[in-house]
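See structure below.
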Amino acid sequence: MTWSSHAYSSPLPDLTTSFSLTIPSSTDVWAKPPSRNAFNAPFIYQTLRLSQLTSVQITVTASWTQQYDQGGIMVVVPSKTSQPDRWVKSGVELLDGVARVGTVARDIWADWSLHPVVHGDGKTATVLFENKTGDALWVYLIGEDGKRHPLREVTWWAGLDGEQEVQVGVYGAKPSTEGKLKVEYRHLEIVKS
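Per our numbering: the sequence shown = residues 51 to 243.
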């Protein structure tokens, strides 16, 4: 399967092993009324039919230093109309000096939920998206012991056609205007049916 990228100009790393992405400043994936629409963060992805996607999982870490520094996995549902794309992202995000697991789902606008990082180092997380075509997209945090912690059930997912193309991969964002962010990714696994 071919990898593509959005807002990432460097050569693509080998995604079959551990890899890192250097994220420039002033980048984000976010949508908030009345008019904030940002989608300028690096995103490396594969395109497949929704019915082909079983799950995607990644372990992500970094030296998170600036407010909203983030990295993780994302699924984008490209719009077939003039409406904005829909998407779901989850990974580590720094808020008020604390690394947390942030999950954001965008249908019309984005909503955001947070969960404590359960990894012992306080800055690493393993997140999993599980596709239940015709039902929902489930987002889980995976503990070091392998235990699944449910974070979000994305219910608008049930309205998608199984033939709909989706973009599945990793992203990183640094909304701050200061410096760059190096995000490290391990064990990227996209399971297809």
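The beta carbon of each residue, even a glycine, is placed where N, CA and C say it ideally should be.
A check of alpha carbon separations from T66 across P84, P74, P83, Y95 identifies Y95 as the nearest.
Rounded to the nearest whole angstrom, the CA to CA distance from S76 to T227 is 5 Å. Counting along the chain, the unbroken beta strand (DSSP E) around Y95 starts and ends at 93-99. Going by beta carbons, P74 and K224 fall inside the 8 Å limit. The beta carbon of V218 sits closer than 7 Å to those of Y95, Q96, L98, L103, V106, V125, I240, all from its chain and outside the five residues before and after it, given in chain order. Comparing alpha carbon positions, the residue from V167, Q120, V216, T183 closest to R136 is V216. When the beta-carbon positions are compared, R198 and A81 stay at least 8 Å from each other. The alpha-carbon of A186 is positioned some 14 Å away from that of L178.
Short of 7 Å from the beta carbon of P83, and not among the five residues preceding or following it, lie these beta carbons of its own chain, in chain order: W159. In this structure, the alpha-carbon of G212 lies about 12 Å from that of S243. Rounded to the nearest angstrom, the gap between the Cα atoms of L164 and T183 is 25 Å.
Shown here for A149: same chain residues with a beta carbon closer than 7 Å to its own, the five before and five after excluded, namely W114, V142, V167, G172, K173 in chain order.
Uninterrupted beta strand (DSSP E) stretches at least 3 residues long and entirely within the stretch 176-217 occur at 186-192, 198-204, given in chain order. Under the criterion of beta carbons closer than 8 Å, A57 and N87 do not qualify as touching, at roughly 14 Å. Excluding five sequence positions before and after Q214, the CB atoms of its chain that fall closer than 6 Å to its own CB belong to L100, given in chain order.
In the structure shown, Q107 falls within a strand segment according to DSSP collapsed to helix, strand and coil. Non-local C-beta neighbours of S70 in its own chain, meaning closer than 6 Å and more than five positions away in sequence, comprise K232, E234, ordered along the chain. Taking 8 Å as the cut-off, the Cβ atoms of L144 and D161 do not count as close.
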